[in-house]
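Down below is the structure, laid out as C-alpha cells.
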Amino acid sequence: MSMDLFSIARSGILAAQSQLGVTSNNIANVNTEGYHRQVAIQGTSTSMRLGNNFYGTGTYVQEVKRIYNDYAARELRIGQTGLSAAEASYTKLSELDQLFSQIGKAVPASLNDFFSGLNSLADLPSDLGIRGSVLNSASQLAQNLNQMQSHLSGQVQQTNDQIESITTRINEISKEMAQINLELMKTPGNDAQLLDKQDALIQELSQYAEVNVIPLENGARSIMLGSSFMLVSGEVAMTMGVTTGDPFPNEPELTYSLGGSELKADPAKLGGQLGALFDFRDNTLMPASHELGQLALGIADAFNEMQSQGFDLNGELGQPIFTDINDPVIAAGRVGAYSGNPGTASLSVNIDDVGALSGSSYELNYTSAGTYELKDMKTGAVTNLTLNGNTLEGANGFSINIDAGAMAAGDRFEIRPTANAAANIGVVMSDPKGIAAAAPKITAGTGNSGSTSVKLVSIDDRSAANFPVTDSELTFTLDTSVNPPTYEVFDVNGASLATGTAAGTPPQISAFGFTFEVDGSSGGSESFTFDLSFAPGDNTNAVAMAKLSDSKIMNNGKSTLGDVFEKTKLDIGSQTKSAQVRAGSAEAIYNQAYARVQSESGVNLDEEAANLMQFQQAYQASARIMTTANTLFDTLFSSVR
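So this is what it looks like as C-alpha cells:
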C-alpha cells in the first residue's frame, strides 16, 4: 500500500504544481491587455481493484482551459465598433464646430464690415477714401472665404489620411491573423497565447469596422468586415486599398481584393472608425464646403448684379467687384464625370439663379436618347431636364452645358453647383472709382404685364442726340408678341423718335447712346421709361447695395446672405451635440460589455490569491502523504531485517 501512497502523493504534488503554475501565470498577466484567465481542470486517475473494492490511484490535470465566452466577446466587439464610430464622429465634428466658431467667425464679421462700408458710402458716395475702404472690406471678405475653404479642404485631406492609415493597419492585421490561423491549424490543441493574440487583433479590428467572425478548426477564424467582404479566409489574407475618388479624385474610395480583382467597398456598410470617417467627409464636411460656396456665390452674384445696374464715379455702367461666378474654369470644376462613362461629353455648369440654389449635389444620368435625369443626392428628388441646343435646362438655379463630345446611354456625372466657389472668389476691381453708387432710373409702364423686364447693358455715348436725362426721358414701347421684339421710341412729349427691331440672343436694343437687354415675353405691348442722368452725389445704388444685408435673396427667398453661414454653423453645432450624446451612450454600452468579459475572462487578484493558498495547502498535504508513505515503508523494511 505504501507504494500506492507514493504514487497518489506524487500525482497530488504534480497536480498542485500545475495549479500553482496556472494561478501564478494568471497573476503575472493581470495587466496584460487581451489576456484571458486560465484554469487547470483536474480529473481522477483510473481506480484500481483489489478484491471486491476499488481504490483511487490519484489525480491528474486533464487540460489547462482558457476561459472564453463567445457571446460576451461578440457583444464586446459590437460595443467597441459602436464606441469607435461614435467617438470618431464626435471628434471630427468637434474639430469642425471649433473651426466654424473660431476661425469661421471672421466670415460674418467681414461681411458686416463690408455692409458697414457701403452704408458709409451711401452717406458720401463721391468720397474716394470711403470707396477705397469698401474695396478693402470686399477683399478681406473674399480672403476670409478663401481661408475658410482652405481649412475645410485641409480637414478633407486630414480625413483622407486617417482613412488611408486605418486601411494600412487593417491590412497588417489581416496578415497577422492569417499567420496565426496557419499556426493554429498546424498545432494540435489550442495554444492559449496564440488565441489571446488572435482575439486582441480581432478586438482592435472591431475599432475600425464591424467584424463578423467565422470559427474554423483548431481555433482558427475567418473574418468578414461589415458583412460586406471577406478580409481573412483561413490562412489567406485579403487586402483593402484606397483608390482615387470617382468622379472627384480628392475623395478617395475603398477597395478590396476578390479572386484577383479589385472591387469597391461600400463604407456605409462598414461601421466603426472607417464608416464614421467616410460619413463625416461625405455627409457633413463636403456639404459644409458646398454651403460656404453657396454663400460665396450669393455675395459675388448679388454685388456684381447691383454693379451692373448702377453708374460708377466716371458715369459709366458699373463693372464687377468680385470674380465672375460663371468663369469657364470655375464652371467646368462643378462637374465630375465617372470613369466608366461610355460617352465622350465634357460638361460645365452655369449658375442662372443663385437664389434658387440649395448647396446640394446632384447626379446626372443619361439613360437613353433625349432622357436626362437629374437626381438631388440629398432629397432623392428626380427632375427631367430638357436639351436646348447644347444646354440642359430645368434644374433649380443652374443649367448644364455640353461643351464638347457626345453623351451616350449610361453616362453619369456628379454636379456640384456651389463647389469651390469659396476658394475661387476674389476681388477683380482695383479702382475705387469703379464702385457704382449712382443708379439710372428705369420705370416700367403702369399697364405692363410684369412678365417682361429690361436691363441696362452699357452706356455707349452720353453726348448722343436725345440721350435720356432728367426732363428729357425716353420711353420705349416694346412689342413682345414677335420674335425678336420690335420697338418704338417716344420723347418726353410723346413724339415718336425712332422704330426698330431688337437683335441678338437675348435680344438687345441699342439706340440714343445706350444699350439695354429685353428679358421675358408677355406676348403684348410693354413700355419702359429711361432717365440715365448721372450725378457724382447720387447714392441710389449704394443704398440698394447696403440693403442687401437684410434682403432674403438666398434659398428661394428664405434666407439673407448672413443666414446662409449661420445655418451651416448651427447645423454643425447641432450635429456635434448629438454626436456627443451618441458617444456617451456608446461608451455605456461598451463598458457594460467589457465588464461582463472581465467578470468571466479577466483576472481577479483576490480570487487568484485564494486559489494560491488553496493549491499551496494541497501541495503541502500531498507532500505530507509522501512523508507518511516513506515512514511506513521504513517501518516495514526494518521489521523484515
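Positions in the sequence shown are counted from 1; adding 144 to them yields this note's numbering. All residues carry an ideal CB built from backbone N, CA and C; glycine is no exception.
Check, Outcome
"Close Cβ partners of Val-613 (< 7 Å) along its chain, the five nearest in sequence each way excluded", "Asp-675, Leu-676, Ser-677"
"Inter-residue spacing [alpha-carbon to alpha-carbon] between Gly-385 and Asn-315", "9 Å"
"Coarse secondary structure for Met-145, derived from DSSP in three states", "Residue placement at Met-145 cannot be trusted, given a pLDDT of 45 that sits under 50; what the coordinates show is reported in the next sentence. The answer is coil: DSSP assigns Met-145 none of H, G, I, E or B."
"Cβ neighbour criterion (16 or more within 10 Å) applied to Asn-197", "exposed"
"Close-in-space but distant-in-sequence residues of the same chain around Asn-304 (CB under 6 Å, 5 per side omitted)", "Pro-396"
"Bridge-paired residues (DSSP) for Met-543", "What sits at residue 543 in the sequence shown is Ser, not Met. Beta-bridge pairing links Ser-543 to Asn-494."
"Cβ shell of Asn-774 (< 6 Å), same chain only, five flanking positions each side left out", "none"
"Arg-425, enclosing beta strand (DSSP E) - first and last residue", "That residue, Arg-425, is in no beta strand (DSSP E); it is neither H nor E in DSSP."
"Simplified DSSP assignment, three categories, for Arg-606", "coil"
"Beta-carbon separation (whole angstroms), Lys-408 vs Ser-371, contact threshold 8 Å", "The pair is not a contact, with the Cβ atoms about 16 Å apart (cut-off 8 Å)."
"Three-way DSSP call (helix, strand, coil) for Leu-268 in this model", "coil"
"Beta-carbon spacing of Phe-620, Val-598 below 9 Å", "yes"
"Minimum C-alpha distance to Arg-606 - residue among Ile-769, Glu-460, Asp-615", "Glu-460"
"Member of Ala-500, Ala-566, Ala-432 whose CA lies at the smallest distance from the CA of Ser-543", "Ala-500"
"Which of helix, strand or coil DSSP assigns to Glu-219", "helix"
"Inter-residue spacing [alpha-carbon to alpha-carbon] between Pro-651 and Leu-600", "12 Å"
"Pick from Ala-581, Phe-709, Ser-191, Gly-404 that is closest to Phe-455, judged by C-alpha positions", "Ala-581"
"Opening and closing residue of the beta strand (DSSP E) in which Lys-209 lies", "203-210"
"Where Gly-701 sits in the DSSP three-state scheme", "coil"
"Contact under 9 Å by Cβ, Ala-444 with Ile-569", "yes"
"Alpha-carbon to alpha-carbon, Pro-359 and Ile-222", "17 Å"
"Three or more C-beta pairs below 8 Å linking the stretch 228-242 and the stretch 735-745", "no"
"Selected residue, minimal CA-CA separation from Ser-671, among Ala-563, Ser-595, Ser-191, Ala-184", "Ser-595"
"Simplified DSSP assignment, three categories, for Ser-669", "strand"
"9 Å Cβ cutoff met for Gly-462 and Asp-496", "no"
"Ser-766: first and last residue of the uninterrupted alpha helix (DSSP H) it sits in", "749-783"
"Rounded straight-line distance, which links the Cα of Phe-258 to that of Ser-693", "10 Å"
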